[in-house]
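Trainee:
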Amino acid sequence: MTDAIVARGLTKVYEKKITAVDHVDMDIPAGSIFGLLGPNGAGKTTIIKMLTGLSDITEGEARVAGFDVRKDPMSVKSRVGWVAAEVILDDDLSAWENLWLQARLQRLGEWKDRAEELLRYFDLSERKKDKVGGYSTGMRKKLEIALALLHQPEVIFMDEPTIGLDANVRRMLWDLITGVNREFGVTVLLTSHYIEEADRLCDRVSIINQGKFVASGTPTELKSRVKEDFIELDTSETVTAEKLSSIPGVSQVSSEGKTWRLRVASAEEVLPNLFHALKTDGIRRINVEKPSLESVFIDITGTRIDQAGSDVQDFRKFYLNVRRARR
Ligand SMILES: Nc1ncnc2c1ncn2[C@@H]1O[C@H](COP(=O)(O)OP(=O)(O)OP(=O)(O)O)[C@@H](O)[C@H]1O
Ligand SMILES: [Mg+2]
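The sequence shown runs 201 to 527 under our numbering.
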């Protein structure tokens, strides 16, 4: 199988000497769904921007849909689509007018048959003349994907496609993404910080932290790297690392803020010992993390994906959520 995306030593240093992406390699087979999983500020969007020619590559090289991104950015741009996290639909226009606008922006000559096909596929044909402002969130998502597919791209990039969506719409979108991948044979690169999303959707995942890939593989391969469970607990002040280490079955103790994290062979076997040693009034909160992409991340970085990078302020996402909530 040919690769839709190949990158070697891909690096981005922003002006203030921030290394956002640090020597990343990628080989993404055509027709697959690839996930970039990582916390806020990890460098996910920057990778997409470099691969789509929107941001200069500081160092390294990348080929997308068979073309060198640096040498032939226009050929790349005509073969990729981008479903942005930002809302791109014009609420005052109908679905058909949004598609027309997209065709104009992309300078497409023939687009109407394709547009009709996409509307049919996404079940929007009957509403195509209605203003998008009156659409449900699910319908808007469908139309956003249809716009990205209008020029028949070989690769589509989806930057956090499900952020801010409720669980039902998120699941619907997962089905849409796998459907589009199969139906149109399009390669999908998506970014996410939802563990379950990457696990469910992606053929292969790279976990990214502070600009570097810290692990890559199929979700199953990655999960098999960590065979142990983690128990996280918040306790009263009297509990010490020594005390936790002495509990039978606990192989490692670390702490992050007020939370202890115990690495154990089997949570089921250790929990009774833990309750016995600490008594229940010493335990304020307890959480068991079975092998998952999250535990792989914890294993490598010592922190959870949703905690890593949480100090990065993200007003863009805040406004996005506000805009979605107002609908
Ligand atoms: N235009 C820019 N100028 C300077 N620094 C930037 C710029 N864009 C991003 N950065 C920095 O580069 C790093 C990576 O940012 P990026 O947006 O790629 O992360 P991300 O993984 O997409 O995060 P998020 O999950 O919050 O979207 C961050 O430290 C960010 O502050
Ligand atoms: Mg981003």
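Here a beta-carbon is modelled for each residue, glycine too, at the ideal position from N, C-alpha and C.
Bear in mind the structure is a predicted one, so any value in this text is a computation, not a measurement.
Going by beta-carbon coordinates alone, are residue 340 and residue 389 separated by less than 8 angstroms?
Mentor: Counting from 1 along the sequence shown, the entry for residue 340 is found at position 140. Counting from 1 along the sequence shown, the entry for residue 389 is found at position 189. Not a contact, by the Cβ cut-off of 8 angstroms.
Trainee: Please return the same chain residues whose Cβ sits closer than 7 angstroms to the Cβ of residue 495, not counting the five positions on each side in sequence.
Mentor: Counting from one through the sequence shown, the residue named residue 495 turns up at place 295. For residue 495, where only same-chain residues beyond five positions count, the Cβ hits under 7 angstroms are 426, 430, 489.
Trainee: Given the structure, does residue 393 come close to ligand 1, in the sense that its CB is under 7 angstroms from one of the ligand's heavy atoms?
Mentor: If you number the sequence shown from 1, residue 393 lands on position 193. Because some heavy atom of ligand 1 lies under 7 angstroms away, the Cβ of residue 393 counts as near it: yes.
Trainee: Considering only C-alpha positions, which residue in the set 260, 470, 248, 492 is nearest to residue 355?
Mentor: The residue you call residue 355 lines up with position 155 of the sequence shown. Of the candidates 260, 470, 248, 492, the one whose C-alpha sits nearest the C-alpha of residue 355 is 248.
Trainee: Among 402, 410, 318, which has the Cα closest to the Cα of residue 384?
Mentor: Translated into the one-based positions of the sequence shown, residue 384 becomes position 184. The shortest Cα separation from residue 384 among 402, 410, 318 belongs to 318.
Trainee: Thinking residue 324 and residue 342 are a contact (beta carbons under 8 angstroms), I'd like their distance in whole angstroms, please.
Mentor: For the purposes of this step, residue 324 is taken as the residue at position 124 of the sequence shown. For the purposes of this step, residue 342 is taken as the residue at position 142 of the sequence shown. Yes, they are in contact, since the Cβ atoms of residue 324 and residue 342 sit about 6 angstroms apart, within 8 angstroms.
Trainee: I'd like to confirm something about residue 427: is its beta-carbon nearer than 7 angstroms to some heavy atom of ligand 1, or not?
Mentor: For the purposes of this step, residue 427 is taken as residue 227 along the sequence shown, with counting starting at 1. Result no, Cβ not under 7 angstroms from ligand 1.
Trainee: Quick check on DSSP: helix, strand or coil for residue 454?
Mentor: The residue labelled residue 454 in the question sits at position 254 within the sequence shown. The answer is strand: DSSP assigns residue 454 an E or B state.
Trainee: Do three or more CB pairs link the region 298 to 308 to the region 259 to 272 at distances below 8 angstroms?
Mentor: Result no; under three Cβ-Cβ pairs closer than 8 angstroms.
Trainee: What I want to know is whether the C-beta of residue 262 ends up closer than 7 angstroms to one or more non-hydrogen atoms of ligand 1.
Mentor: Along the sequence shown, one-based indexing puts residue 262 at 62. No, the Cβ of residue 262 stays beyond 7 angstroms of every heavy atom of ligand 1.
Trainee: Can you list, in chain order, the residues of its chain whose CB lies under 8 angstroms from that of residue 261, leaving out five sequence neighbours each side?
Mentor: Your numbering for residue 261 matches position 61 in the sequence shown. Answer for residue 261: 207, 208, 209, 210, 268, 269, 270, listed in chain order.
Trainee: Check whether the Cβ atoms of residue 434 and residue 484 sit closer than 8 angstroms, and answer yes or no.
Mentor: By one-based count along the sequence shown, residue 434 stands at place 234. By one-based count along the sequence shown, residue 484 stands at place 284. Taking 8 angstroms as the Cβ cut-off, residue 434 and residue 484 qualify as a contacting pair.
Trainee: If the criterion is Cβ atoms closer than 8 angstroms, does the pair residue 294 and residue 256 meet it?
Mentor: Translated into positions along the sequence shown, residue 294 becomes position 94. Translated into positions along the sequence shown, residue 256 becomes position 56. No. Outside cutoff.
Trainee: When the Cα atoms are used, what is the spatial distance from residue 202 to residue 299?
Mentor: What you label residue 202 is simply residue 2 of the sequence shown in a count that begins at 1. What you label residue 299 is simply residue 99 of the sequence shown in a count that begins at 1. Approximately 31 angstroms between the Cα atoms of the pair.
Trainee: Quick one: Cα of residue 445 to Cα of residue 464, how far?
Mentor: The residue given as residue 445 occupies position 245 in the sequence shown. The residue given as residue 464 occupies position 264 in the sequence shown. Rounded to the nearest angstrom, the two C-alpha atoms are 10 angstroms apart.
Trainee: Does any heavy atom of ligand 1 sit closer than 7 angstroms to the C-beta of residue 218?
Mentor: Taking the sequence shown and counting its residues from 1, one reaches residue 218 at position 18. The answer is yes for residue 218.
Trainee: If we ignore side chains and look at the alpha-carbon of each, how far apart do residue 327 and residue 233 end up?
Mentor: The residue labelled residue 327 in the question sits at position 127 within the sequence shown. The residue labelled residue 233 in the question sits at position 33 within the sequence shown. Using only the alpha carbons, I get a separation of about 30 angstroms.
Trainee: Compute every distance between the C-beta of residue 303 and the non-hydrogen atoms of ligand 1, then say whether any falls below 7 angstroms.
Mentor: As a first step, residue 303 must be located in the sequence shown, where it is residue number 103. It does not: the Cβ of residue 303 is nowhere closer than 7 angstroms to a heavy atom of ligand 1.
Trainee: Tell me the start and end of each unbroken alpha helix (DSSP H) in the region 244 to 306 that is at least 4 residues and wholly inside, in chain order.
Mentor: Segments of the alpha helix (DSSP H) lying fully in the region 244 to 306: 244 to 251, 273 to 277, 295 to 305.
Trainee: Exposed or buried, what is residue 368 when buried is set at 16 or more other beta-carbons lying within 10 Å of its beta-carbon?
Mentor: As a first step, residue 368 must be located in the sequence shown, where it is residue number 168. Residue 368 should be labelled exposed.
Trainee: If you follow the beta strand (DSSP E) that residue 237 is in, where does it begin and where does it stop?
Mentor: The residue given as residue 237 occupies position 37 in the sequence shown. Element bounds for residue 237: 233 to 237.
Trainee: Based on the DSSP secondary-structure assignment, which residues constitute the bridge partners of residue 226?
Mentor: Position 26 of the sequence shown, counted from the start, is the residue given in the question as residue 226. Answer by DSSP bridge pairing, in chain order: 207.
Trainee: In three-state DSSP terms, what is residue 485?
Mentor: Reading the sequence shown from its first residue, position 285 is the one you call residue 485. Looking at residue 485 - three-state DSSP - the assignment turns out to be strand.
Trainee: Looking at the structure shown, is residue 350 part of a helix, part of a strand, or coil, going by DSSP?
Mentor: As a first step, residue 350 must be located in the sequence shown, where it is residue number 150. In this structure, residue 350 counts as coil in the three-state DSSP scheme.
Trainee: Please report how far the alpha carbon of residue 338 lies from the alpha carbon of residue 382, in whole angstroms.
Mentor: Start at 1 with the first residue of the sequence shown, and residue 338 comes out as number 138. Start at 1 with the first residue of the sequence shown, and residue 382 comes out as number 182. Answer to the nearest angstrom: the Cα atoms are 20 angstroms apart.
Trainee: Is the Cβ-Cβ distance between residue 283 and residue 411 less than 8 angstroms?
Mentor: Here residue 283 refers to the residue found at position 83 of the sequence shown. Here residue 411 refers to the residue found at position 211 of the sequence shown. Cβ distance not < 8 angstroms, so residue 283 and residue 411 don't count as in contact.
Trainee: Looking only at its chain, what residues have a beta carbon closer than 6 angstroms to the beta carbon of residue 507, apart from the 5 residues adjacent to it on each side?
Mentor: The residue labelled residue 507 in the question sits at position 307 within the sequence shown. Excluding positions up to five away in sequence, the list is empty.
Trainee: Tell me whether residue 240, by its Cβ, gets closer than 7 angstroms to a heavy atom of ligand 1.
Mentor: Position 40 of the sequence shown holds residue 240. Yes, since a heavy atom of ligand 1 falls inside the 7 angstroms radius drawn around the Cβ of residue 240.
Trainee: Taking residue 402 as the reference, give the member of 387, 216, 302 with the closest Cα.
Mentor: The residue given as residue 402 occupies position 202 in the sequence shown. Comparing Cα-Cα distances from residue 402 to each of 387, 216, 302, the minimum goes to 387.
Trainee: Exposed or buried, residue 177, counting other C-beta atoms within 10 Å across all chains shown (16 or more means buried)?
Mentor: The displayed coordinates of the chain run from 201 to 527. Any statement about residue 177 would go beyond what the structure contains.
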